[in-house]
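Chemist:
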Amino acid sequence: MIYLDNSATTKPNPQVLDSFTKASTGFFGNASSIHGIGMDAERLLRKSREQAASLLEVNPNEIIFTSGGTEGNNLAIKGIALEHQNRGKHIITSSVEHPSVIETCQGLEALGFEVTYLDVDESGLVNIDKLKKEMREDTILVSIMHVNNEIGTIQPIKEIGEVVQSYPKAFFHVDHVQGYGKVPLNIQASHVDLCTISGHKIHGLKGTGLLYVKQTVKLFSLAHGGGQERRIRSGTENVAGIVSLVKAMRLAKEKQSELHKKLTNLKHVLMEQLQTLDRVVINTPKIASAPHIVNFSVRGLKPEVVIHALEDFEIFISTKSACSSKSADESAVLIACGKDRDIAISGLRVSMSYETTKEEIDYFFQKLTEVIKKLSEVMG
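Under full-length UniProt numbering, the first residue of the sequence shown carries the number 1, and numbering increases by one thereafter.
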């Protein structure tokens, strides 16, 4: 099997699974209980929070554990909007964000908030000058992803943070789900107020994640109850899941430099190969893009047909984001980048991991070439 859909989810690392099992069996108590078993779980939770903070170079009390990227993005955006609506109701995001950001903003529009969706250039990049023009005195939040989940574009987060910082009423949220462990981000130097991370994108477990919330930032809670996680996210803590998340974060951070070099080389090889195929248009920008994502279109062929044809060879790739792959045919990201509709409806995404080898990439390209030739002949 050749698995090349790592932006959708990754295979859990055995060490992560082991940490989850040990925490589940040895520290099964409720971390809010005052007896010994509960206190043991609370100590493990506190240690995990400290380790996560150390990896992100922030304070432990700035870590809010969540169930993943979607919850983290919702909590950040709705939490700011509902808590600070008396300061203003204007939000800025981009037209190429993940559905969990776009649809959250659309939901807030229904509640009376005004949202500006920044256009991007052909590479998927936000224009800093356009951002400056859209910033207003009543802007309370700017939410821009670090790495685009479909085409891999890396946004200029530090420059965006500097713009937002000059507006004292505005907060800056970054969806770092596709970036963590692959593309470095200095949260404090980039003036980030809120930052989302997901466990299952870094060889952790589904249902795990965290939201960095700067110490001075107050959020409206979306889950009231027992007051866990600074009263921002009530509910019994998933201690074993949190332990596994931090383990995955540590392993990803340790491998980051080595992984970046390896994936950059594999990405270069694959893009060079794809350029030799007549029907193929590469959508991932050559510069300012993450090392693990290559998005391309095969003109005239439906992406789901190509995907299923490759699956016959036990090769697994994807189209668009896993959260939107069953929706309308065209990719909103590719349309936003100014691509023709025939390219936007035929986009395919290859996303690699530390386990991906050059032999796998070569075999994928070989079978892709055969599939394109065969399907083209069938279509006449």
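Using N, Cα and C, we set each Cβ at its ideal position, and we do this for glycine too.
Sort Ile345, Leu45, Gly69, Glu360 by Cα distance to Lys201 and report the nearest one.
Modeler: As a working note, residue 201 is residue 201 in the sequence shown. The shortest Cα separation from Lys201 among Ile345, Leu45, Gly69, Glu360 belongs to Gly69.
Chemist: Using 10 angstroms around the beta-carbon of Pro303, count the other beta-carbons present and answer buried if the total reaches 16, otherwise exposed.
Modeler: Against the sequence shown, residue 303 aligns to sequence position 303. Pro303 is buried by the Cβ-count criterion.
Chemist: Could you tell me the distance, in whole angstroms, from the CA atom of Gln163 to the CA atom of Lys132?
Modeler: As a position in the sequence shown, residue 163 is number 163, starting the count at 1. As a position in the sequence shown, residue 132 is number 132, starting the count at 1. With the sequence shown as reference, residue 163 is identified as Val, and Gln is not the correct amino acid for it. Cα to Cα, the separation comes out at about 7 Å.
Chemist: Does the beta-carbon distance from Pro291 to Leu263 come in below 7 Å?
Modeler: Stepping through the sequence shown from its first residue, residue 291 is reached at position 291. Stepping through the sequence shown from its first residue, residue 263 is reached at position 263. Yes, Cβ-Cβ distance for Pro291 and Leu263 is below 7 Å.
Chemist: Taking one C-beta from the stretch 260–278 and one from the stretch 74–83 each time, how about it: are there three or more such pairs within less than 8 Å?
Modeler: Judged by Cβ distances under 8 Å, the stretch 260–278 makes no contact with the stretch 74–83, as fewer than three pairs qualify.
Chemist: Quick check: what's the CA-CA separation for Lys78 versus Lys358?
Modeler: Walking along the sequence shown from the start, residue 78 turns up at place 78. Walking along the sequence shown from the start, residue 358 turns up at place 358. Each residue's alpha carbon lies about 43 Å from the other.
Chemist: Helix or strand or just coil, what does DSSP make of Cys337?
Modeler: As a first step, residue 337 must be located in the sequence shown, where it is residue number 337. Coil.
Chemist: Starting from the C-beta of Ser331, find all residues in its chain whose C-beta is less than 7 Å away, skip the five residues before and the five after it, and write them out in chain order.
Modeler: The residue labelled residue 331 in the question sits at position 331 within the sequence shown. The answer, listed in chain order, is Glu150, Lys320, Ala344, Gly347.
Chemist: Under a three-way DSSP split, which group does residue 381 fall into?
Modeler: The chain is shown from 1 up to 380; residue 381 falls before or after that span and cannot be answered.
Chemist: Which residues does DSSP list as the beta-bridge partners of Asn238?
Modeler: If you number the sequence shown from 1, residue 238 lands on position 238. BP columns for Asn238 are empty, so no partner.
Chemist: Keeping to the same chain, check which residues put their C-beta closer than 6 Å to that of Thr116; ignore five residues upstream and five downstream.
Modeler: Taking the first residue of the sequence shown as 1, we reach residue 116 at position 116. These residues qualify, in order along the chain: Ile92, Glu134.
Chemist: Between Val243 and the rest of its own chain, which residues show a CB-CB distance below 6 Å, the 5 nearest in sequence each way excluded?
Modeler: The count along the sequence shown starts at 1 and reaches residue 243 at position 243. The residues are Ser19, Ala23, Ser48.
Chemist: Apart from the five residues on each side of it in sequence, which residues of its chain come closer than 6 Å, Cβ to Cβ, to Arg233?
Modeler: As a first step, residue 233 must be located in the sequence shown, where it is residue number 233. Cβ neighbours of Arg233 beyond the five flanking positions: Ile64, Ala223.
Chemist: Is it buried or exposed for Arg349, if we count other Cβ within 10 angstroms and need 16 for buried?
Modeler: Residue mapping note: residue 349 aligns to position 349 of the sequence shown, counting from 1. The residue is buried, with at least 16 neighbouring Cβ atoms inside 10 Å.
Chemist: Kindly indicate which three-state DSSP category Asp5 falls into: helix, strand or coil?
Modeler: Taking the sequence shown and counting its residues from 1, the one referred to as residue 5 is at position 5. DSSP places Asp5 in strand when its eight states are reduced to three.
Chemist: Could you have a look at Gln178 and say whether DSSP puts it in helix, strand or coil?
Modeler: Here the question's residue 178 lines up with position 178 in the sequence shown. Residue state, collapsed to three classes: coil.
Chemist: Roughly how many angstroms separate the alpha carbons of Phe28 and His35, rounded to a whole number?
Modeler: Start at 1 with the first residue of the sequence shown, and residue 28 comes out as number 28. Start at 1 with the first residue of the sequence shown, and residue 35 comes out as number 35. Rounded to whole angstroms, Phe28 to His35 spans 12 Å at the Cα level.
Chemist: For Glu114, which residues does DSSP report across the bridge?
Modeler: For this step, residue 114 is matched to residue 114 along the sequence shown. Glu114 is bridged to His90.
Chemist: Count the other CB atoms within 10 Å of the CB of Pro14; is the residue buried (16 or more) or exposed (fewer)?
Modeler: Taking the first residue of the sequence shown as 1, we reach residue 14 at position 14. It counts as exposed.
Chemist: For Ala110 and Ile140, which I take to be in contact (beta-carbon distance under 8 Å), what is that distance rounded to the nearest angstrom?
Modeler: In the sequence shown, counting from the first residue as 1, residue 110 sits at position 110. In the sequence shown, counting from the first residue as 1, residue 140 sits at position 140. Not really, about 17 Å apart at Cβ, beyond 8 Å.
Chemist: By a C-beta neighbour count over all protein chains shown, 10 Å radius and 16 as the cutoff for buried, is Lys326 buried or exposed?
Modeler: The residue given as residue 326 occupies position 326 in the sequence shown. Only weak support exists for where Lys326 lies, its pLDDT of 42 falling under 50; the value from the coordinates is given anyway. Label assigned to Lys326: exposed.
Chemist: Secondary structure at Ala189, three-state DSSP: helix, strand or coil?
Modeler: Position 189 of the sequence shown holds residue 189. Three-state DSSP puts Ala189 in coil, outside helix and strand.
Chemist: By Cβ distance, which residues of its chain are closer than 8 Å to Gly124, with the 5 residues on each side in sequence left out?
Modeler: Here residue 124 refers to the residue found at position 124 of the sequence shown. For Gly124, where only same-chain residues beyond five positions count, the Cβ hits under 8 Å are Val96, Asn148, Ile151, Thr153, Pro285, Val333, Ala336, Cys337.
Chemist: Note down, in chain order, each residue of its chain lying with its Cβ closer than 7 Å to the Cβ of Ile37, except the 5 sequence neighbours on either side.
Modeler: Here residue 37 is taken as the residue at index 37 of the sequence shown, counted from 1. Same-chain partners within the cutoff: Gly29.
Chemist: Just mark Ala189 as buried or exposed, buried being the case when its beta carbon has 16 or more other beta carbons within 10 Å.
Modeler: By 1-based counting over the sequence shown, the position of residue 189 is 189. By the 10 Å Cβ count, Ala189 comes out exposed.
Chemist: From the DSSP secondary-structure annotation, give me the bridge partner or partners of residue 393.
Modeler: In this structure the chain extends from 1 to 380, so residue 393 is not present and cannot be described.
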